[in-house]
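Undergrad: Here the protein sequences line up with chains W and V, keeping their order.
Here the working numbering is used: the first residue of the first sequence is 13, the next is one more, and so on.
Here the working numbering is used: the first residue of the second sequence is 13, the next is one more, and so on.
Protein chains: 2
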Amino acid sequence: MTEDDGSMKFAPADAAPRRATAMDVARAAGVSRSAVSRAFSQTAYLDTDKRDHIRRIAAEMGYRPNALAAGLNRTRSNLVGIVAGDVGNLYDAQLLSRLVSGLTAAGKWPVVLDGSVGADRLVATDIFAYPLDAMIVRGGSVDPVMVDTCAKLHIPLVFLGCVVDAPAVDSIVCRNAEGMARIADLLLNRGRRRFAFLGGPAQWASQQQRLQGLCDALAQAGLQLIATESADFSHQGGAKVARRLLQDHDLDALVCANDAMAIGALGVARHDLGLNVPADLSITGFDDVDMASWPCFDLTTACNPVEETVAGVIELLEARLATPSAPSRRIQIDAHLVRRGTH
Amino acid sequence: MTEDDGSMKFAPADAAPRRATAMDVARAAGVSRSAVSRAFSQTAYLDTDKRDHIRRIAAEMGYRPNALAAGLNRTRSNLVGIVAGDVGNLYDAQLLSRLVSGLTAAGKWPVVLDGSVGADRLVATDIFAYPLDAMIVRGGSVDPVMVDTCAKLHIPLVFLGCVVDAPAVDSIVCRNAEGMARIADLLLNRGRRRFAFLGGPAQWASQQQRLQGLCDALAQAGLQLIATESADFSHQGGAKVARRLLQDHDLDALVCANDAMAIGALGVARHDLGLNVPADLSITGFDDVDMASWPCFDLTTACNPVEETVAGVIELLEARLATPSAPSRRIQIDAHLVRRGTH
DNA sequence: CTGAAAGCGCTTACAG
DNA sequence: CTGAAAGCGCTTACAG
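(1) Determine, using beta carbons only, whether phenylalanine 140 of chain W comes closer than 8 Å to chain V.
(2) Just by C-beta distance, which residues in the stretch 156–174 of chain V are closer than 7 Å to chain W?
(3) With a threshold of 8 Å between beta-carbons, can serine 89 of chain V be considered close to chain W, or not?
(4) Per DSSP, leucine 349 of chain V is paired with what?
(5) May I ask you to verify whether the stretch 310–321 of chain W touches the stretch 293–300 of chain W, counting CB pairs closer than 8 Å and requiring at least 3?
(6) Which residues, taken in chain order from the stretch 68–81 of chain V, show a beta carbon closer than 7 Å to some beta carbon of chain W?
(7) Can you round the beta-carbon distance between alanine 178 of chain W and valine 159 of chain W to whole angstroms, since I take them to be within the 8 Å contact cut?
(8) Quick one, which of V:Ala56, V:Met303, V:Leu223, V:Ala118 has its alpha-carbon nearest alanine 326 of chain V's?
(9) Would you list, in chain order, the members of the stretch 199–220 of chain W that have their beta-carbon closer than 7 Å to a beta-carbon of chain V?
(10) Any C-beta of chain V sitting closer than 8 Å to the C-beta of leucine 125 of chain W?
(11) With distances taken between CB atoms, is the gap from arginine 202 of chain W to histidine 355 of chain W smaller than 8 Å?
(12) Can you have a look at proline 168 of chain W and say buried or exposed, based on whether 16 or more other CB atoms are within 10 angstroms of its CB?
(13) Could you name the residues of the same chain whose beta carbon sits closer than 6 Å to that of proline 143 of chain W, not counting the 5 residues immediately before and after it, in chain order?
(14) Do you know offhand how far threonine 137 of chain V's Cα is from lysine 120 of chain W's?
(15) Would you report the Cα separation of alanine 230 of chain W and alanine 196 of chain W, rounded to the nearest angstrom?
(16) For the 8 Å Cβ check, are there 3 or more pairs between the stretch 279–286 of chain W and the stretch 183–190 of chain W?
(17) Within the present structure, is the beta-carbon of glycine 250 of chain V separated from the nearest heavy atom of the ligand COA by less than 7 Å?
(18) Starting from the Cα of phenylalanine 245 of chain W, find the closest Cα among W:Gly97, W:Gly324, W:Asp310 and give me that residue.
(19) Would you call the stretch 64–83 of chain W in contact with the stretch 98–113 of chain W, where contact means no fewer than 3 C-beta pairs closer than 8 Å?
(20) Are the Cβ atoms of leucine 333 of chain W and aspartate 145 of chain W separated by less than 8 Å?
(21) By the criterion of Cβ-Cβ separation under 9 Å, what are the contact partners of proline 361 of chain V in chain W?
(22) Measuring straight from C-alpha to C-alpha, what distance separates arginine 352 of chain V and glycine 191 of chain W?
(23) Do isoleucine 66 of chain V and alanine 51 of chain V have their CB atoms nearer than 8 Å?
(24) To the nearest angstrom, how far is the alpha carbon of phenylalanine 207 of chain W from that of leucine 263 of chain W?
(25) Hey, is asparagine 85 of chain W's beta-carbon within less than 8 Å of any beta-carbon in chain V?
(26) Pop quiz: serine 218 of chain V and glycine 152 of chain V are said to be a contact at Cβ under 8 Å. What is the actual Cβ separation, rounded to whole angstroms?
(27) Would you call the stretch 249–260 of chain V and the stretch 330–344 of chain V touching, i.e. three or more CB-CB distances under 8 Å?
(28) Over what stretch of residues does the beta strand (DSSP E) that includes arginine 150 of chain W continue unbroken?
(29) Identify whether glutamine 236 of chain V lies in helix, strand or coil by the three-state DSSP scheme.
(30) What did DSSP end up calling aspartate 299 of chain V once you bin it into helix, strand or coil?
(31) Looking only at its chain, what residues have a beta carbon closer than 8 Å to the beta carbon of isoleucine 139 of chain V, apart from the 5 residues adjacent to it on each side?
(32) Kindly indicate the opening and closing residues of the beta strand (DSSP E) around cysteine 174 of chain W.
(33) Can you grab the Cα-Cα spacing for the pair alanine 274 of chain V / threonine 240 of chain V, in whole Å?
(34) Indicate whether at least one CB of chain W lies closer than 8 Å to the CB of valine 37 of chain V.
(35) Strictly under 8 Å for the Cβ-Cβ distance: is proline 290 of chain W near chain V by that measure?
(36) Quick check on the burial criterion: 16 or more other C-beta atoms within 10 angstroms. Buried or exposed for proline 29 of chain V?
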């Protein structure tokens, strides 16, 4: 009964309205489809007046060249996958956030994937149906199935947190052992002798390196760890295991594999066990997340610098895209000591 | 000099190796391109043996249908933009993380954008060149330019944190005023009378509603706020402004607009000013981030439930995609009281 | 300087 | 049941 009836046959109410295409703009502007395409190209020749005219009409119609269609003709999609780490982990959350900003600034669009589902399931999803320019994986251990899948699809990989030896796979890692040795030396110089290590999950390469760095530094001083236990890198897990360690052993230094667990341990030591940190006991972290500097924690830790890491990822990415066949690279980042109030 | 010389003319070392296409698989399997396409379609007819044969060869070659090319023929790209909030903010970080998981589970791939650059700049980027199925915006206030841009491109919008009245734009918000009234009632019942409000940036709709809810509840008790100040929703900002408020006024209740600021205020009150919380002073937050439940904080707050919010976003999204022309919807989420140790 | 045409990799009516 | 062809929206040699 309305005036729309005629057209409704062709455009039912529930159809998604179509986005304007170059053809639509060409018709509206009275030019060819090619001219519209050229109006949005940096390199193509087109009369300035004509270009302005086309762009004005396009703006009115809300037209933008469809990147998916354009991508078919190009070699790049500008889409980059990020397999996020455990975002409950504060360091991983900060890293992800900065990575998103860094990639955006580099002209790439980050498609964020939930790494907690595991590589097997990830590989089975249709994210690999998209011609990603690269995949960035944050994780503590290598996923061979991920490496294989990306290799077959010619998707360059950047691993963030562990080293992978495969063609077109680059890595960026922290010098964990050296960072931990700095912490150990600080504590040894302060006179600490009874050390325990509160570690993370064993499959994390960084966890093993941090433990190794600690053990080596202690060995040089003729000491060894009194106890070693593992938690899940979380605040809660750290608190729980720290309680056991502190109750079962007479310690003067509790070295934790990351800040979140150290902060959990700090709460247990001070509030539950009534220990005086740092008078009776040193507690240290690793990473230097934002929270470590809060006055209520003031945590002594080793800084795993996020900005530098992200800059490294971007550098690896751009080099790899420029030269797909280049040999694999590994960037190592120094973790410097951050002396605060808990050692 | 090597046997490869002949082919190198056509494939220079630095060209990105090409991904296998349906044509490549067709040749290898001795079938038509159409057959390959059908082998990967749920609905198309294809002899079972032939399908198995094609899929086996495809697996060997690492072939997957290119989603970008397929997307040209479909109405959906399965790409969804997320304009992330301030990820330094713990609540926003949790929300983003859960949103990524929720969208992935719903078969959508989240492209994460850095909201801190501002809508004007975002709209100018070429992310809108991609035919996004939808855009999810986390933010405290409306960006008209974002709404206009999405409308022209027929990209449905979901606002998360403020209500927008425009066609094909849905919203999901917390019942901020009611949540804050619950906190106020709790404190009034406990006998508090001298209230101050530590708010967030004025342009955030949620901030205004939280303030309003507090004022109304106080008015009903014949009271009004002694002081109101604003910070930036951060821990550090909250600490700084809380110090001023507590030094300048004789308060028995400091109501904060979010948890991060409340935790900052808690540190200042207890450690710097030597106040006894909750004996002398109540401090409350809003959101109930993970950290609020840590024993060292044990913050009384109102829970702004992340899971429920994410479920609501997904529901709005799916309904909108199913019926693009449906009237705009608004979902409201209840913020329930979480009584802990700081009131 | 600009239009018509071919091609990017896929899907899907259309014939057979 | 399956192949050849048209079309999705774009870019870019190729002619003019």
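In this text, a Cβ means the ideal position worked out from N, Cα and C, and glycines have one as well.
The structure presented is a predicted model; accordingly, all values stated were derived computationally and were not measured.
TA: Concretely, from the data shown:
(1) yes
(2) Lys164, Leu165, His166
(3) yes
(4) V:Ala314
(5) yes
(6) Gly74, Arg76, Pro77, Asn78, Ala79, Leu80, Ala81
(7) 5 Å
(8) Strictly speaking, residue 326 of chain V in this sequence is isoleucine, with alanine absent from that position. Closest by alpha carbon: V:Ala118.
(9) none
(10) yes
(11) yes
(12) buried
(13) Ser89
(14) 11 Å
(15) A small fix is needed here, since residue 230 of chain W is leucine in this sequence, not alanine. Approximately 7 Å between the Cα atoms of the pair.
(16) no
(17) Absence of the ligand COA from the depicted structure is noted, as is the absence of any ligand whatsoever, leaving it without description.
(18) W:Gly97
(19) no
(20) yes
(21) As shown, chain V starts at 13 and ends at 355. That puts residue 361 of chain V outside it, with no answer to give.
(22) 38 Å
(23) yes
(24) 6 Å
(25) no
(26) 6 Å
(27) no
(28) 146–150
(29) coil
(30) strand
(31) Gly93, Val123, Leu125
(32) Premise fails: cysteine 174 of chain W is in no beta strand (DSSP E) and is neither H nor E.
(33) 14 Å
(34) no
(35) no
(36) exposed
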